[in-house]
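A.B. asks: Residue numbers (full-length UniProt numbering): 1 to 153.
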């Protein structure tokens with residue numbers, strides 16, 4: 001498998017949003033749940049202006065993407081999204097995207113990344129060196145809590 005990582009552009013928003021939705025569905029969430037998350041998972045044109053989005057491809061086929069945002073706090077950023085297409089889960093794409101995001105954060109003088117992790121992805125992030133700080137209310141689903149994690153760079 002030959003994976004390339006490139007900067008994404010706004011013309012790819014639909015394909016990348018599809019990956020986010022399908023990746024979330026992979027974990028067995030109901031269609032109703034996915035619909036409640038749709039807006040939060042949808043990449044918008046402003047995302048391509050206000051953040052760094054990297055896309056992974058295998059022979060031009062979309063494998064996944066990661067979105068990195070700068071925060072107003074100096075030296076802090078946010079790992080906003082990291083999704084892998086279901087057919088590529090378990091093949092190291094998430095690790096590649098994570099490592100590339102950290103590499104870019106380091107170049108941007110970011111010392112710490114924070115993220116809201118899907119509970120199913122919490123162990124992945126822990127294996128990558130993140131720590132869980134606390135559980136935070138979901139922005140999409142009232143009454144649901146998700147792990148707030150931190151990555152020290």
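Note that CB positions come from ideal geometry on N, CA and C, so glycine has one too.
This one's a predicted model, so the numbers in the text were calculated from it and none came from an experiment.
#1: Pairs of beta-carbons, one from the region 6-23 and one from the region 45-59, closer than 8 Å: are there three or more?
#2: Pick out whichever of 111, 108, 98 has its Cα sitting closest to the Cα of residue 125.
#3: Buried or exposed for residue 35, going by 16 or more other Cβ atoms inside 10 Å?
#4: Out of 59, 67, 30, which one is the CA nearest neighbour of residue 46?
#5: Where residue 15 and residue 85 are concerned, what is the direct C-alpha to C-alpha distance, given to the nearest angstrom?
#6: Starting from the Cα of residue 154, find the closest Cα among 41, 73, 4 and give me that residue.
#7: Using the C-alpha atoms, what's the distance from residue 23 back to residue 62?
#8: In whole angstroms, what is the alpha-carbon distance linking residue 17 and residue 42?
#9: Do residue 103 and residue 151 have their C-beta atoms within less than 8 Å of each other?
C.D. replies: According to the structure data:
#1: yes
#2: 98
#3: exposed
#4: 67
#5: 10 Å
#6: What is shown of the chain runs 1 to 153, which leaves residue 154 out entirely.
#7: 12 Å
#8: 5 Å
#9: no
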